[in-house]
Amino acid sequence: MGAKKNQIELTEGHDGKGEKAPVPLQRKAEVEVRHVEEILDYCFGEKRLLEEALTHRSFYSPSKCGPGYKRLEFVGDSLLGCLMAREVFSSHADLPSG
Numbered sequence: 486m487g488a489k490k491n492q493i494e495l496t497e498g499h500d501g502k503g504e505k506a507p508v509p510l511q512r513k514a515e516v517e518v519r520h521v522e523e524i525l526d527y528c529f530g531e532k533r534l535l536e537e538a539l540t541h542r543s544f545y546s547p548s549k550c551g552p553g554y555k556r557l558e559f560v561g562d563s564l565l566g567c568l569m570a571r572e573v574f575s576s577h578a579d580l581p582s583g
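For the sequence shown, the residue numbers in the numbering used here are 486 to 583.
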């Protein structure tokens, strides 16, 4: 029951007239980033990159393309490939090439 209450608090605000109004997207994203940091017990220096890493590009309207996780996925995959190649090269000098 508590999770549902938190979800409502994150998605609704007040318009000053006592009516419920949607929270602006930017503010909602800030709240969600803080929530992820609390769960992980870690404070990210580049919060924009965390938001980008967790966002699928279909989140944005079809006419407006926004940043998505694919760019960061490419960088991460490249980095992992480089680290693995270095580890194999360093640890197994006796193996033949190829």
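Here a beta-carbon is modelled for each residue, glycine too, at the ideal position from N, C-alpha and C.
A quick note: this is a predicted structure, and the numbers were derived from the prediction, not measured.
For the pair Val-516 and Lys-532, the CB atoms are not nearer than the 8 Å cut-off. A Cβ-Cβ separation of about 29 Å leaves Gly-553 out of contact with Arg-571 under the 8 Å criterion. In this structure, DSSP gives Glu-522 a helical state, which the three-state scheme calls helix. Residue nearest to Val-521 within the set Leu-535, His-577 and Gly-530 is Leu-535 (criterion: CA-CA distance).
Closest in C-alpha terms to Leu-539, from the list Gly-530, Cys-567 and Leu-557, comes Leu-557.
Nearest C-alpha to Glu-537 among Ala-514, Ser-563 and Glu-523: Ala-514.
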